[in-house]
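As structure tokens, the structure follows; a few thoughts come after it.
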Amino acid sequence: MGNCILHLADGVTLIASDNTWIEGSAIQQLQTTATLPGMRHVAGMPDLHPGRGYPVGAAFFSVGRLYPALIGNDIGCGMALWATDLDANKARLDKLEKRLGNLDGPLDDAWGELATALAGMRVEVLEQEDGEHPGTLRSALVSLEGDAEAAVAQRWEGTIQWTCPSPYRPRHARKNWFFGVARCAAPAATLPSEIRFETARASGPGGQHVNKTESAVRAIHLATGISVKVQTERSQHANKRLAVLLLAHKLASHDAAASAAQRAHRRTLHHQVARGNPRRVFKGERFEPAGGD
1 MGNCILHLAD GVTLIASDNT WIEGSAIQQL QTTATLPGMR HVAGMPDLHP
51 GRGYPVGAAF FSVGRLYPAL IGNDIGCGMA LWATDLDANK ARLDKLEKRL
101 GNLDGPLDDA WGELATALAG MRVEVLEQED GEHPGTLRSA LVSLEGDAEA
151 AVAQRWEGTI QWTCPSPYRP RHARKNWFFG VARCAAPAAT LPSEIRFETA
201 RASGPGGQHV NKTESAVRAI HLATGISVKV QTERSQHANK RLAVLLLAHK
251 LASHDAAASA AQRAHRRTLH HQVARGNPRR VFKGERFEPA GGD
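Counting from 1, position 293 in the sequence shown corresponds to residue 293 in the UniProt record's numbering; the numbering is continuous, with no gaps.
Next comes the structure, spelled out in structure tokens:
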């Protein structure tokens, strides 16, 4: 069976056949590369496999930036230089730097630190909310698993500032943008016993495996009715594990919202206290009922 184009996300495609097996870490590297500044589209080829920070066996299209680590010594080199509108036969790195104004190394400091920290770790995007523009997000829930998970989480927790002109508001003077990163507590050990699991066949890209097994999992919290559905992994067991993590996050958000509502209700009651017509009366330092109340 021939290859087909699978759309994994906005700006991320994979060219492969149904029986092509590709490592999950290669897909993660492909999706990470798609978030680099100036990157417009990334496409994984049938021979896609993990590389050192960036995936190998993929094509990339960027605007205004050149990433030498993405340029191979075969046709990929010519394609990358063609995208910069420079003569591939006569191009020199010093001229490229002057023409582009921003020549990046194999990995800049932020990505280099992140790649080093994530070595040997498992990273899963459990949930994401798309933004108004293609390739943007309002929020994302990410799971980290590995020896350095605490260090990575601490490194990124808090307010993150990004200084860059907005491609969606080209005439706007604002260049500083902020987003928050917060850690979520791990689920309680008793949580799985409070969940009902339902299985189904996964939908979307995934090849023959998707159509043969019921790997998709829906987790329903019995007490609240809150539910999630996970089908990102190949196995039902892995999807159950991710479903528990995602459900724990939703329950924590639900509890936080309920607590906030209770605090707001208490503030409302405080301001509604009537200053007359008391139901009961007390007096003195000993707070004794007045009039035999």
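Glycine included, C-beta positions come from ideal geometry on N, C-alpha and C. Computed from a predicted model, the values in this text were never measured in an experiment.
For residue j and residue i, the rounded distance between their alpha carbons
i    : j    : result
R280 : L126 : 54 Å
P46  : A26  : 11 Å
I75  : R65  : The predicted position of I75 is uncertain, since its pLDDT is 42 and thus under 50; no value can be drawn from it.
T13  : R171 : 31 Å
I226 : N239 : 17 Å
A188 : T199 : 23 Å
A9   : V123 : 17 Å
H133 : T32  : 18 Å
F287 : P278 : 15 Å
R155 : G57  : 31 Å
A151 : A258 : 31 Å
R52  : A59  : 16 Å
S166 : V142 : 25 Å
V230 : Y168 : 32 Å
G291 : V181 : 58 Å
N211 : H271 : Note that N211 scores 48 on pLDDT, short of 50, meaning its location in the model is unreliable and no value can be drawn from it.
H49  : T190 : 38 Å
R252 : G44  : Arg is not the amino acid found at residue 252; the sequence shown has Ala there. If you take the alpha carbons of A252 and G44, they lie about 37 Å apart.
I195 : H254 : 16 Å
F197 : Q128 : 22 Å
G158 : M121 : 21 Å
E214 : G11  : 29 Å
T35  : T136 : 9 Å
T268 : T224 : 26 Å
Y67  : H41  : 14 Å
S193 : P289 : 49 Å
Test item: CB-CB of residue i and residue j under 7 Å
i           : j    : result
C138        : G146 : This sequence places Arg at residue 138; Cys is not what is there. No, Cβ-Cβ distance for R138 and G146 is not below 7 Å.
residue 304 : S62  : For residue 304 there is no data in the structure shown, the boundaries of the chain being 1 and 293.
A140        : R183 : no
Buried or exposed (CB count within 10 angstroms, at least 16 for buried), residue i
i    : result
Q29  : buried
A216 : buried
G284 : exposed
W82  : Because the pLDDT of W82 is 44, which lies under 50, any placement of that residue in the model is unreliable, and the number read from its coordinates should be weighed accordingly. Looking at its Cβ environment, which holds fewer than 16 other Cβ atoms inside 10 Å, W82 is exposed.
R241 : buried
A256 : exposed
C4   : exposed
P55  : buried
A16  : buried
A186 : exposed
Per DSSP, cross-strand counterpart(s) of residue i
i    : result
M39  : S62
V125 : V142
D130 : L137
K229 : R218
E288 : K283
A16  : C4
Q161 : F178
H49  : V56
I195 : H221
G44  : L14 and A58
Exercise. At a cut of 8 Å, does the region 216-230 reach the region 240-257 through at least three beta carbon pairs?
Worked result: yes
For this session: Give a yes or no on contact between the region 155-163 and the region 174-187, applying the rule of three or more CB pairs nearer than 8 Å.
Result: The region 155-163 is in contact with the region 174-187.
For this session: Determine contact between the region 226-235 and the region 256-267, defined as no fewer than three beta-carbon pairs at a distance below 8 Å.
Result: Touching, no, given that fewer than three Cβ pairs across the two stretches are closer than 8 Å.
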